[in-house]
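Peer 1:
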């Protein structure tokens, strides 16, 4: 007689139980259930897969033990952030720590400080808030000390100035071996220190038609009687994903006459003036309060919980529930999986431009102020606050 | 409007039972992963009535880990907690993750063995009306059927010896 014992059985029969491993399994399971590392990418990820694959290939994750910086470069609205998010979701689990800094430029412009971003990186990677950073310079030293101990995936989204890079990823030596850093930007000059640069591939004709159709008709291709109108709109919007999304969503419940009107408008806008093309959708908001709600969000409420914002706006006398619904349908505003409001930076800038044009020279005469320096200036100089709505 | 989720995890356990080391290790491992856990470790406050803040914490959690140890069902407090957890699990989608700590899931399900005995003791010790009793029995039956973690050392030893015995007999 011969009995072969399964190794697991032997392990069990000596009464061995590894509590550490048990706890690790429970924590992994809970992490999986919470699924918090996943970022919301896109409702209609047309053409995303091939671009993400190409970028991941450049990251060369398997091979290199070196630290590698990848730049993702393209103009606004081409989908840099979307691609970076998808990469982050796909490969993040292979690293010991991960951090995604969304909208660095926006943060810098409104807060004029990078210390809390430094803090956030440490918080993301080490999962604690025990690190206290007092100023940029000491933050650099702490980041270098801490990050060098881990193999991390770190994304800096929408960087527009060199000092932002200096404060957040000074050099390769800051990061543990095998780390990968991804920087998205419109400015090629900021990517000099990168090993690889992925220049976003423009959408081809069929991709842009598909993306537009999902938003305009909830279908992968347009119905026959809208086919020529659709290809015209796409031609005028320059195959830019953001413009396709916004214009498609705007036209989705419109009659043919409205399509005609929009086409006439688009024809007159030069190809490179994307903001003006996006403005067509803003101008198309039928209700003035919808426009006001959009402007409020663009100036003050990005990153806040949708429900909180609706409450605040209702408190200001808007009927924000229906207004918000329209803005979401029109893709002017999106909500991520934490129920936080997001506005694409081109749309946000468009909104702020509208406010700016109310009174280009005198901030005091604008309906909204969002930059802390302008607000402080005005509070110091003038106590007459009649025009400011917020 | 949805109730905001303040905690990622609500930990329910029998303080004196599931070894303090295991619970604090689990708690800090969760914290280290950035998972915000609520653990009711304030033994002093434990009276007969489950506190309102505790009930609220259950409602404000996304997941509840229930560590079912031998004497879990011997505590009125734990059973009230479990009742609430299972109720919110049924009605509001709280995700319940049982951890069977040196206890076989079937013991929980059918209230047998040492786990069942501990439950019987509680029932005979305190005055519980029939509906609460049947609620608790149903909750134990339900949670015993949820896929979770079975952490058994010594019991598995018995099982494997028995298996070995059967294999020897059959060969």
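Chains as they are written, first to last, in our numbering: chain A, 6 to 395; chain B, 984 to 1154. Backbone N, C-alpha and C fix where the C-beta goes; we use that ideal spot for every residue, glycine too.
If you follow the alpha helix (DSSP H) that residue 1007 of chain B is part of, which residue opens it and which one closes it?
Peer 2: Along the second chain, read from residue 1 onward, the residue named residue 1007 of chain B stands at position 24. From DSSP, the alpha helix (DSSP H) with residue 1007 of chain B extends over 1003-1015.
Peer 1: So what's residue 189 of chain A in DSSP terms, helix, strand or just coil?
Peer 2: The residue given as residue 189 of chain A occupies position 184 in the first chain. Three-state result, residue 189 of chain A: strand.
Peer 1: Residue 991 of chain B CB to nearest chain A CB: under 7 angstroms?
Peer 2: Position 8 of the second chain, counting from 1, holds the residue named residue 991 of chain B. So yes, residue 991 of chain B belongs to the interface.
Peer 1: Relative to the alpha-carbon of residue 283 of chain A, which residue among A/79, A/178, A/244 and A/188 has its alpha-carbon at the smallest distance?
Peer 2: Looking up residue 283 of chain A in the first chain gives position 278. Residue A/244 is the option with its Cα nearest to residue 283 of chain A.
Peer 1: Under 9 angstroms Cβ-Cβ, which residues of chain A neighbour residue 1018 of chain B?
Peer 2: Taking the second chain and counting its residues from 1, one reaches residue 1018 of chain B at position 35. In chain order: 32, 35, 36, 39, 41 and 132.
Peer 1: Using a Cβ cut-off of 9 angstroms, which residues of the stretch 349-383 of chain A contact any Cβ in chain B, in chain order?
Peer 2: Taking 9 angstroms as the Cβ-Cβ cut-off against chain B, none of the residues of the stretch 349-383 of chain A qualify.
Peer 1: Under 7 angstroms Cβ-Cβ, which residues of chain B neighbour residue 138 of chain A?
Peer 2: Position 133 of the first chain holds residue 138 of chain A. Ordered by position in chain B, no residue passes the 7 angstroms Cβ test against residue 138 of chain A, which lies about 18 angstroms from the chain.
Peer 1: Report buried or exposed for residue 265 of chain A, applying the criterion of at least 16 other Cβ atoms within 10 angstroms of its Cβ.
Peer 2: Locating residue 265 of chain A in the first chain gives position 260, counting from the first residue. Flag for residue 265 of chain A reads exposed.
Peer 1: Given 8 angstroms as the limit, is there contact between the stretch 993-1011 of chain B and the stretch 1051-1060 of chain B, that is, 3 or more CB pairs closer than that?
Peer 2: Verdict: yes, contact present.
Peer 1: According to the Cβ coordinates, are residue 218 of chain A and residue 225 of chain A closer than 7 angstroms?
Peer 2: Taking the first residue of the first chain as position 1, residue 218 of chain A is located at position 213. Taking the first residue of the first chain as position 1, residue 225 of chain A is located at position 220. Yes, they are a contact pair.
Peer 1: If contacts are defined as beta-carbon pairs under 8 angstroms, then residue 1118 of chain B and residue 1066 of chain B qualify, I think. What distance do you get, rounded to the angstrom?
Peer 2: Along the second chain, one-based indexing puts residue 1118 of chain B at 135. Along the second chain, one-based indexing puts residue 1066 of chain B at 83. Confirmed, about 6 angstroms.
Peer 1: Under a Cβ-count criterion, where at least 16 other Cβ atoms within 10 Å of its own Cβ denotes burial, should residue 1059 of chain B be classed as buried or exposed?
Peer 2: Your numbering for residue 1059 of chain B matches position 76 in the second chain. Buried.
Peer 1: Below 8 angstroms on the Cβ atoms is my guess for residue 1105 of chain B versus residue 1062 of chain B; work out the distance and round it to an integer in Å.
Peer 2: Translated into positions along the second chain, residue 1105 of chain B becomes position 122. Translated into positions along the second chain, residue 1062 of chain B becomes position 79. Yes, residue 1105 of chain B and residue 1062 of chain B are in contact; Cβ-Cβ is about 7 angstroms, under 8 angstroms.
Peer 1: Hey, does residue 27 of chain A have any beta-carbon neighbour from chain B nearer than 7 angstroms?
Peer 2: Counted from its first residue, the first chain places residue 27 of chain A at position 22. Cβ-Cβ to chain B under 7 angstroms: yes for residue 27 of chain A.
Peer 1: By the three-class DSSP mapping on this structure, what secondary structure does residue 1045 of chain B have?
Peer 2: For the purposes of this step, residue 1045 of chain B is taken as residue 62 along the second chain, with counting starting at 1. Note: residue 1045 of chain B maps to strand in three-state DSSP.
Peer 1: Report the rounded CA-to-CA distance for residue 73 of chain A versus residue 176 of chain A, giving the unit in angstroms.
Peer 2: Translated into positions along the first chain, residue 73 of chain A becomes position 68. Translated into positions along the first chain, residue 176 of chain A becomes position 171. The straight-line gap from Cα to Cα measures roughly 11 angstroms.
Peer 1: Going by Cα to Cα distance, which pick from A/253, A/76, A/248 and A/246 is closest to residue 232 of chain A?
Peer 2: One-based indexing of the first chain puts residue 232 of chain A at position 227. When only C-alpha atoms are compared, the closest one is A/253.
Peer 1: If we cut at 7 angstroms on Cβ distances, does residue 1078 of chain B have a partner in chain A?
Peer 2: Counting from one through the second chain, the residue named residue 1078 of chain B turns up at place 95. At least one chain A Cβ lies under 7 angstroms of residue 1078 of chain B.
Peer 1: Within 10 angstroms of its Cβ, does residue 378 of chain A collect 16 or more other Cβ (buried), or is it exposed?
Peer 2: Position 373 of the first chain, counting from 1, holds the residue named residue 378 of chain A. Result: exposed.
Peer 1: Taking 7 angstroms as the cut-off, decide whether the C-beta atoms of residue 306 of chain A and residue 333 of chain A are in contact.
Peer 2: In the first chain, the residue the question calls residue 306 of chain A occupies position 301. In the first chain, the residue the question calls residue 333 of chain A occupies position 328. No, they are not a contact pair.
Peer 1: Using a beta-carbon distance cut-off of less than 8 angstroms, what residues from the stretch 1028-1061 of chain B approach chain A?
Peer 2: Result list: 1045, 1046 and 1048.
Peer 1: Can you grab the Cα-Cα spacing for the pair residue 157 of chain A / residue 319 of chain A, in whole Å?
Peer 2: As a first step, residue 157 of chain A is located in the first chain; it is residue number 152 there, counting from the start. As a first step, residue 319 of chain A is located in the first chain; it is residue number 314 there, counting from the start. If you take the alpha carbons of residue 157 of chain A and residue 319 of chain A, they lie about 43 angstroms apart.
Peer 1: With a threshold of 8 angstroms, are at least 3 pairs of Cβ atoms found where one atom belongs to the stretch 40-55 of chain A and the other to the stretch 64-78 of chain A?
Peer 2: The stretch 40-55 of chain A is not in contact with the stretch 64-78 of chain A.
Peer 1: Could you give the residue range of the beta strand (DSSP E) that holds residue 1020 of chain B?
Peer 2: Translated into the one-based positions of the second chain, residue 1020 of chain B becomes position 37. Looking at the DSSP string, the run of the beta strand (DSSP E) that includes residue 1020 of chain B is 1020-1022.
Peer 1: What's the C-alpha gap between residue 216 of chain A and residue 1056 of chain B?
Peer 2: Translated into positions along the first chain, residue 216 of chain A becomes position 211. Translated into positions along the second chain, residue 1056 of chain B becomes position 73. Those two C-alpha atoms are separated by around 56 angstroms.
Peer 1: Return the first residue and the last residue of the alpha helix (DSSP H) that residue 355 of chain A is part of.
Peer 2: As a position in the first chain, residue 355 of chain A is number 350, starting the count at 1. Run containing residue 355 of chain A: 350-363, per the alpha helix (DSSP H) assignment.
Peer 1: If distances are taken between C-alpha atoms only, which option among A/280, A/109, A/279 and A/382 comes closest to residue 160 of chain A?
Peer 2: Position 155 of the first chain, counted from the start, is the residue given in the question as residue 160 of chain A. For the residues A/280, A/109, A/279 and A/382, the minimum Cα distance to residue 160 of chain A belongs to A/109.
Peer 1: Name the chain E residues that come within less than 9 angstroms of residue 1082 of chain B, Cβ to Cβ?
Peer 2: The chain labelled as chain E is not found among the protein chains of the depicted structure, namely A and B.
Peer 1: Anyone know if the C-beta pair for residue 32 of chain A and residue 1016 of chain B falls short of 7 angstroms?
Peer 2: What you label residue 32 of chain A is simply residue 27 of the first chain in a count that begins at 1. What you label residue 1016 of chain B is simply residue 33 of the second chain in a count that begins at 1. Yes; because the gap between Cβ atoms is below 7 angstroms, this pair is in contact.
Peer 1: Should residue 86 of chain A be labelled buried (16 or more other beta-carbon atoms within 10 Å of its own) or exposed?
Peer 2: Counting from 1 along the first chain, the entry for residue 86 of chain A is found at position 81. Residue 86 of chain A should be labelled buried.
Peer 1: Residue 376 of chain A by DSSP, collapsed to three states: which one?
Peer 2: As a first step, residue 376 of chain A must be located in the first chain, where it is residue number 371. In this structure, residue 376 of chain A counts as coil in the three-state DSSP scheme.
Peer 1: Residue 1015 of chain B versus chain A: which residues are under 7 angstroms apart at the beta carbon?
Peer 2: Walking along the second chain from the start, residue 1015 of chain B turns up at place 32. The answer, in chain order, is 132.
Peer 1: Just to confirm the assignment: which complete alpha helix (DSSP H) runs, minimum length 4, are found wholly within the stretch 305-336 of chain A?
Peer 2: You should have 311-320 and 325-334.
Peer 1: Only counting runs of 4 or more residues, tell me where the alpha helix (DSSP H) segments fall wholly within the stretch 159-245 of chain A, in order along the chain.
Peer 2: Those alpha helix (DSSP H) runs which fall completely within the stretch 159-245 of chain A and span 4+ residues are 167-173, 210-222 and 232-241.
Peer 1: Excluding the 5 residues preceding and the 5 following residue 246 of chain A in the sequence, name in chain order all residues of the same chain whose CB lies nearer than 7 angstroms to its CB.
Peer 2: The count along the first chain starts at 1 and reaches residue 246 of chain A at position 241. Answer for residue 246 of chain A: 82, 83, 84, 208 and 216, listed in chain order.
Peer 1: Sort B/1111, B/1078, B/1120 and B/993 by Cα distance to residue 1095 of chain B and report the nearest one.
Peer 2: For the purposes of this step, residue 1095 of chain B is taken as the residue at position 112 of the second chain. Comparing Cα positions, the closest option is B/1120.
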